[in-house]
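Protein sequences, first through last, are from chains H and L.
So the first sequence is numbered by my numbering: it starts at 10 and just counts up by one.
So the second sequence is numbered by my numbering: it starts at 130 and just counts up by one.
For glycine and all other residues, C-beta sits at the position ideal for the given N, C-alpha and C.
The structure appears below as structure tokens.
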Amino acid sequence: MTAPTPSQTVGPFYGYALPFVGGGDVAPAGHAGAITVHGYVYDGAGQPIPDALLEFWQTGPDGSTTGAPGSLRRDATTGAVIGRNGVDFTGFGRVPTDADGHYVLRTLPPGDSPYISVCVFARGLLHHLFTRAYLTDSAEDQLLASLAPERRATLVAACERDRVYRFDIRLQGDSDEETVFLDFG
Amino acid sequence: MTASIERAPAVPAPEAQADIDREMAELKRAAAGKPALLHPARDYAPYRSSALRYPKNPLVVVRDPEAVELSGPVFGVTDTTELDSDLTRQHQGEPLGERITVAGRVLDRQGRPVRGQLVEIWQANASGRYAHLRDQHPAPLDPNFTGVGRCLTDDEGRYQFTTIKPGAYPWRNHLNAWRPAHIHFSLFGTAFTQRLVTQMYFPNDPLFAFDPIYQSITDDKARERLIATYNHDLSSPEWSLGYRWDIVLDGPSATWMEEGR
Ligand SMILES: [Fe+2]
Numbered sequence: 010m011t012a013p014t015p016s017q018t019v020g021p022f023y024g025y026a027l028p029f030v031g032g033g034d035v036a037p038a039g040h041a042g043a044i045t046v047h048g049y050v051y052d053g054a055g056q057p058i059p060d061a062l063l064e065f066w067q068t069g070p071d072g073s074t075t076g077a078p079g080s081l082r083r084d085a086t087t088g089a090v091i092g093r094n095g096v097d098f099t100g101f102g103r104v105p106t107d108a109d110g111h112y113v114l115r116t117l118p119p120g121d122s123p124y125i126s127v128c129v130f131a132r133g134l135l136h137h138l139f140t141r142a143y144l145t146d147s148a149e150d151q152l153l154a155s156l157a158p159e160r161r162a163t164l165v166a167a168c169e170r171d172r173v174y175r176f177d178i179r180l181q182g183d184s185d186e187e188t189v190f191l192d193f194g
Numbered sequence: 130m131t132a133s134i135e136r137a138p139a140v141p142a143p144e145a146q147a148d149i150d151r152e153m154a155e156l157k158r159a160a161a162g163k164p165a166l167l168h169p170a171r172d173y174a175p176y177r178s179s180a181l182r183y184p185k186n187p188l189v190v191v192r193d194p195e196a197v198e199l200s201g202p203v204f205g206v207t208d209t210t211e212l213d214s215d216l217t218r219q220h221q222g223e224p225l226g227e228r229i230t231v232a233g234r235v236l237d238r239q240g241r242p243v244r245g246q247l248v249e250i251w252q253a254n255a256s257g258r259y260a261h262l263r264d265q266h267p268a269p270l271d272p273n274f275t276g277v278g279r280c281l282t283d284d285e286g287r288y289q290f291t292t293i294k295p296g297a298y299p300w301r302n303h304l305n306a307w308r309p310a311h312i313h314f315s316l317f318g319t320a321f322t323q324r325l326v327t328q329m330y331f332p333n334d335p336l337f338a339f340d341p342i343y344q345s346i347t348d349d350k351a352r353e354r355l356i357a358t359y360n361h362d363l364s365s366p367e368w369s370l371g372y373r374w375d376i377v378l379d380g381p382s383a384t385w386m387e388e389g390r
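Right, here's the structure in full:
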């Protein structure tokens with residue numbers, strides 16, 4: 010196998026390059042089934058991280074894993090990013106944290122899957138981190154079943170109210186605080 | 130409001146390059162006796178911003194990623210415009226600096242091309258300044274250069290950008306810290322697990338030895354994979370200098386799993 014290209018940090022200045030208009034609005038406009046997933050990203054001192062970039066990838070509501078192009082759809086006249094067309098479900102979201110370390114994703118519940126895949130980038134992080142935001146605590150789930158209760162809890166979003174989920178990410182902390190991150194080998 | 134009469138907390142003097150150099154040398158020695166790491170360790174202390182941003186608990190190994198993780202976002206003709214890959218034509222005038230062509234292929238670990246996938250780049254201008262509000266380096270902004278590019282790979286996995294060579298720039302990791310010239314790259318594979326964000330460097334940069342971000346990759350061979358090669362055939366007469374850089378994405382993908390690991 011060919012050796013891979015090593016990772017390097019996303020650094021502090023990706024802000025005018027990677028985020029795009031409506032990056033967190035994955036649910037088609039006005040869809041009655043839309044859910045909100047939101048939360049904070051924290052560092053090892055419990056401080057919110059204002060310069061993290063989160064990416065989300067998930068199955069469509071029908072369980073498909075094919076996604077659709079058009080997350081970064083462009084205006085053909087000006088070239089400006091105008092975002093998704095409001096009809097197709099691209100399955101992909103990209104959200105930078107705000108100055109207070111907060112992010113918001115509006116999407117549809119993943120079909121045939123209890124979680125949304127998450128990839129975390131940040132200044133200070135030399136190699137991105139993968140995790141899963143579980144919307145339901147599924148007893149049959151292989152990964153959840155393999156974890157100690159206090160670790161498992163870091164992967165399960167809290168349902169704050171109907172269709173609104175809270176999923177915080179802590180990059181560093183004790184085993185009951187630090188989010189479980191995944192190594193796919 | 131009354132002015133505070135409390136003493137401000139003592140601000141530690143910035144560390145010297147020699148302190149960082151010593152730590153980097155120690156970590157390189159420690160790594161030499163072990164199997165080579167293909168990526169930087171997230172807890173690489175000489176890069177000071179890492180201190181509170183790396184997980185202390187071991188990552189959980191997922192031997193059988195699920196179908197959703199072995200697939201990934203897709204992009205198409207609506208997601209890029211032709212102008213996106215030429216960073217020298219995004220404004221009314223020509224940017225200052227040395228015009229370059231950066232081209233290469235995006236491959237998986239089996240050497241197969243990653244087709245039709247999104248490649249995104251961003252970089253400082255020729256003076257080493259980003260068009261970012263928070264970059265306060267007192268080097269001139271260039272009204273004709275933003276420093277953002279995108280393209281989709283072709284059927285052979287090829288990408289190509291026209292841009293200008295970025296300048297080195299200072300940062301505050303320690304006293305007199307300077308980043309070697311680099312272009313930030315963001316890449317997608319066919320699987321979300323293959324996602325990569327990295328930086329491309331230029332050959333023979335005198336700042337390599339002093340930079341804890343570059344040196345966070347402790348294996349010499351792995352580190353050198355981030356350096357583009359000057360390629361004279363890619364240079365255009367009376368127009369631009371050519372650099373070639375191929376990218377190999379790590380991580381399992383559905384096609385890789387099908388063929389057995
Ligand atoms: Fe940079």
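Distance check for residue 179 of chain L and residue 275 of chain L, CA to CA, integer angstroms please. 28 Å
Along the chain, which unbroken stretches of the alpha helix (DSSP H) at least 4 residues long are found entirely within the segment 140-192 of chain H?
151-154, 158-161
- Where residue 109 of chain H sits in the DSSP three-state scheme: coil
Review point. Is any beta-carbon of chain H found at less than 7 Å from that of residue 244 of chain L?
Key: no
task: Report the residue from L:364, L:167, L:195 whose alpha carbon sits nearest the alpha carbon of residue 289 of chain L.
output: L:364
Any chain H beta carbon closer than 7 Å to residue 169 of chain L
yes
Practice task
Note down, in chain order, all residues in the segment 212-235 of chain L with a beta-carbon under 8 Å from any beta-carbon belonging to chain H.
Solution key: 212, 213
Check whether the segment 65-73 of chain H touches the segment 97-105 of chain H, taking contact to mean three or more Cβ pairs, one atom from each stretch, closer than 8 Å. yes
Neighbour list for residue 249 of chain L in chain H, Cβ cutoff strictly below 7 Å: 26, 27
- Task: At 8 Å on the CB atoms, spell out the chain B contacts of residue 210 of chain L, in chain order.
- Result: Within the model displayed, chain B is absent; protein chains H and L are what it includes.
Along the beta strand (DSSP E) that carries residue 156 of chain L, what are the first and last residues, could you check? Careful: residue 156 of chain L lies outside any beta strand (DSSP E), inside the alpha helix (DSSP H) at 146-161.
Identify whether residue 353 of chain L lies in helix, strand or coil by the three-state DSSP scheme.
helix
- Cβ of residue 283 of chain L within 7 Å of any chain H Cβ: no
* Asked: Sorted by chain position, which residues of the same chain lie with C-beta nearer than 8 Å to residue 79 of chain H's C-beta, five sequence neighbours on each side aside?
  -> 93, 94, 97, 99
- Could you check the C-alpha separation between residue 278 of chain L and residue 240 of chain L for me, to the nearest Å? 25 Å
inquiry  = Any heavy atom of ligand 1 inside 6 Å of the beta-carbon of residue 20 of chain H?
reply    = yes
request  = Would you please state the rounded distance, in angstroms, between the beta carbons of residue 88 of chain H and residue 210 of chain L? I believe it to be under 8 Å.
outcome  = 5 Å
Does the Cβ-Cβ distance between residue 187 of chain H and residue 175 of chain H come in under 7 Å? no
| query | Which residues, in chain order, does the segment 11-24 of chain H contribute to contact with chain L at a C-beta distance below 8 Å? | reply | 11, 12, 13, 14, 15, 16, 17, 18, 19, 20, 21, 22, 23, 24
Q | Coarse secondary structure for residue 362 of chain L, derived from DSSP in three states | A | helix
Report yes if the C-beta distance between residue 321 of chain L and residue 126 of chain H is below 7 Å; otherwise report no. yes
Can you have a look at residue 197 of chain L and say buried or exposed, based on whether 16 or more other CB atoms are within 10 angstroms of its CB? buried
Item to check | Runs of beta strand (DSSP E) wholly within the segment 78-104 of chain H (minimum 3 residues, chain order) | outcome: none
Q.
Helix, strand or coil, according to DSSP, for residue 239 of chain L in the structure here?
A. coil
ask   = For the candidate residues L:171, L:208, L:225, L:327, whose alpha-carbon lies nearest to that of residue 182 of chain L?
value = L:171
Next item on the list: Inspect the CB distances between the segment 29-42 of chain H and the segment 332-344 of chain L and report whether three or more fall short of 8 Å.
Entry: no
If distances are taken between C-alpha atoms only, which option among H:191, H:177, H:161, H:193 comes closest to residue 55 of chain H? H:177
Open item on the list: Distance cutoff 7 Å, beta carbons only. Does residue 321 of chain L sit that close to anything in chain H?
Closed with: yes
Original post:
Secondary structure at residue 344 of chain L, three-state DSSP: helix, strand or coil?
Top reply: helix
Less than 7 Å between the C-beta atoms of residue 265 of chain L and residue 295 of chain L, yes or no? no
Which of helix, strand or coil DSSP assigns to residue 212 of chain L: helix
**Asked** residue 246 of chain L by DSSP, collapsed to three states: which one?
**Response** coil
Where does residue 390 of chain L land, buried or exposed, given buried means 16+ other C-beta within 10 angstroms?
-> Only weak support exists for where residue 390 of chain L lies, its pLDDT of 38 falling under 50; the value from the coordinates is given anyway. Residue 390 of chain L comes out exposed.
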